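Trainee: Dropping a structure here in structure tokens format, bear with me for questions.
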Amino acid sequence: MSRRTFIKSAAVAGLAAGFPGDLSVLGADLKGKPESRTAFIYSDKYLGHLLSDNHPESPKRLEAIIGRLKESGLYDELTEITPEARDVSEWIGRVHSEKHCTIVEKQARSPSICRLAVSGALSAVDAVCGGKSKNAFCALRPPGHHAANAGEYGFCFFNNVAIAAKFAKEKYGMRKILIVDWDFHHGNGTEWAFYEDPGVLFFSTHKLEAFPFTGSPDRKGRGDGYGFNINVPLPSGADDKAIIGAFEEKLLPEAEKFKPDLVLISAGFDCRKDDLLGDFKVTDEGISRLTGMIMHIAATHSGSRIVSLLEGGYNTEGLALAVESHVTALHNIS
């Protein structure tokens with residue numbers, strides 16, 4: 017069995033886990049016509065973002081991803097979108113304060129690339145919500161899910177996924193948005209952005225004892241947003257069984273009640289085994305199954321609309337393999 021076939025079968029298993037009936041009913045949403053292939057958002061300019069010498073969040077991460085996708089042949093099957101350096105300040109301002117933006121301009125060696133990452137996220141929303149692609153993966157950096165209103169935090173400057181959610185709501189009328197964050201580290205910035213918002217269901221699996229030491233299951237939202245923030249901490253060594261179980265037990269029933277119009281993924285691949293900054297043991301097959309489960313949610317409620325954005329993942333070889341598994345599942349389920 018080829019790696020591509022193996023990955024696809026794992027994702028189908030993920031679909032089956034979330035859908036007890038006949039999978040053929042999902043076919044109309046999951047069969048990718050040429051004009052609706054998975055969009056792949058990337059710019060060589062993302063390689064110009066540097067934090068410091070030998071920093072784990074380095075250009076080598078994207079170089080490894082692009083190299084792996086080209087080697088496998090998957091790259092040529094995707095619809096590549098190169099984001100433009102457009103003015104995204106209005107949308108950044110929907111999430112971050114003016115003070116935060118001023119701090120970022122001073123902190124970042126390359127603030128223009130930080131803004132280009134936001135542009136990439138918005139380009140993905142345009143492609144998916146505008147009906148040009150069934151789903152999208154954003155190979156962008158810097159990542160974003162730790163960014164709140166205090167400048168750079170956890171390698172993040174602007175919260176790409178939160179800004180994308182605001183953009184999708186306002187430009188495309190996506191009233192209810194599900195954000196799934198499977199990064200090893202809790203997406204504290206995303207939780208902060210939507211803690212009182214009943215229109216965004218935020219679901220996160222992570223290690224509670226790891227940076228940023230947030231993500232307690234007791235934090236369920238505030239005011240109208242109570243119940244729309246779901247934290248599921250996992251222990252050291254959490255494997256496929258543990259994280260898939262969390263999705264089955266906690267995510268699927270809540271998503272069924274919520275019925276999202278759009279699904280966003282904070283795709284942090286530091287949950288994968290052998291990562292430099294994480295100690296979970298999730299395999300590439302596990303990543304495929306998680307992707308399949310999210311595709312079930314999107315096919316059932318969201319017209320198959322998914323935008324996935326790169327967050328963590330610091331073992332470059334493992335990151336590249338995990339992204340291949342994830343994007344193969346997004347692209348090839350039929």
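Read in order, the letters of the sequence shown are residues 17 to 350 in the numbering used here.
Glycine included, C-beta positions come from ideal geometry on N, C-alpha and C.
Bear in mind that the values here come from a model prediction, so they are computed numbers and not experimental data.
1. Ignoring anything shorter than 3 residues, give me the beta strand (DSSP E) runs that lie fully in the region 120-184, in order along the chain.
2. Measure from the alpha carbon of residue 341 to the alpha carbon of each residue in 321, 303, 331, then state which is nearest.
3. Taking the straight line between their C-alpha atoms, what separation do you get for residue 37 and residue 95?
4. In whole angstroms, what is the alpha-carbon distance linking residue 209 and residue 111?
5. If residue 229 sits next to residue 246, beta carbons under 8 Å apart, how far is it from one beta carbon to the other, in whole angstroms?
6. Quick check on residue 244: does DSSP put it in helix, strand or coil?
7. Ordered along the chain, which non-local residues of its own chain (more than five positions away) have a Cβ less than 8 Å from that of residue 49?
8. Going by DSSP, what residues sit across from residue 66 in a beta bridge?
9. Within 8 Å, do at least three Cβ pairs link the region 231-247 to the region 282-296?
10. Whole-angstrom Cβ separation of residue 321 and residue 278, contact assumed at under 8 Å?
11. Can we say the region 63-71 touches the region 99-111, given the rule of at least three CB pairs closer than 8 Å?
12. Using only alpha-carbon positions, find the residue among 276, 193, 330 that is nearest to residue 70.
13. Identify, in the order they occur along the chain, each residue of the same chain with its Cβ nearer than 6 Å to the Cβ of residue 214, setting aside the five sequence neighbours on each side.
14. If you reduce the DSSP assignment to three classes, tell me which class residue 190 lands in.
15. Does the beta-carbon of residue 292 have 16 or more other beta-carbons within 10 angstroms, so that it is buried, or is it exposed?
16. With respect to the alpha helix (DSSP H) encompassing residue 344, which residues constitute its N-terminal and C-terminal limits?
17. Taking CB distances under 8 Å as the criterion, tell me whether residue 292 reaches chain C.
18. Buried or exposed: residue 92, going by 16 or more other Cβ atoms within 10 Å of its Cβ?
19. Looking at the unbroken alpha helix (DSSP H) that takes in residue 210, where does it start and where does it end?
20. Express the C-alpha separation of residue 309 and residue 248 in angstroms, rounding to a whole number.
21. Decide yes or no for the touch test of the region 124-144 against the region 257-276: beta carbon pairs closer than 8 Å, at least 3 of them.
22. Which residue comes first and which comes last in the beta strand (DSSP E) that contains residue 351?
23. In terms of residue numbering, what span does the alpha helix (DSSP H) encompassing residue 78 cover?
24. Can you tell me which of 338, 216, 254 puts its alpha carbon nearest to the alpha carbon of residue 237?
25. Indicate whether residue 137 and residue 176 have their beta-carbon atoms separated by less than 8 Å.
26. On a CA-only basis, which of 185, 170, 127, 204 is nearest residue 142? Give me that one, please.
27. Would you list the one or two residues that DSSP bridges to residue 56?
Mentor: A quick look at the data gives this:
1. 151-154
2. 303
3. The predicted position of residue 37 is uncertain, since its pLDDT is 40 and thus under 50; no value can be drawn from it.
4. 7 Å
5. About 18 Å separates the two Cβ atoms, so there is no contact after all.
6. coil
7. Residue placement at residue 49 is flagged as unreliable, the pLDDT there being 44, under the threshold of 50; a coordinate-derived value is accordingly withheld.
8. For residue 66, which the question treats as bridged, DSSP gives no partner whatsoever.
9. no
10. 5 Å
11. no
12. That would be 330, whose Cα lies nearest to the Cα of residue 70.
13. 240, 241, 244
14. Looking at residue 190 - three-state DSSP - the assignment turns out to be coil, as it is neither helix nor strand.
15. exposed
16. Unbroken alpha helix (DSSP H) run through residue 344: 332-348.
17. The structure shown contains no chain C; it holds only a single protein chain.
18. exposed
19. Bounds of the alpha helix (DSSP H) holding residue 210 are 204-210.
20. Within the model, the alpha-carbon separation for residue 248 versus residue 309 is close to 17 Å.
21. no
22. Past the boundaries of the shown model lies residue 351; the chain is included only from 17 to 350, so the question cannot be answered.
23. 76-88
24. With distances taken between Cα atoms, residue 237 lies closest to 216.
25. yes
26. 185
27. 96, 153
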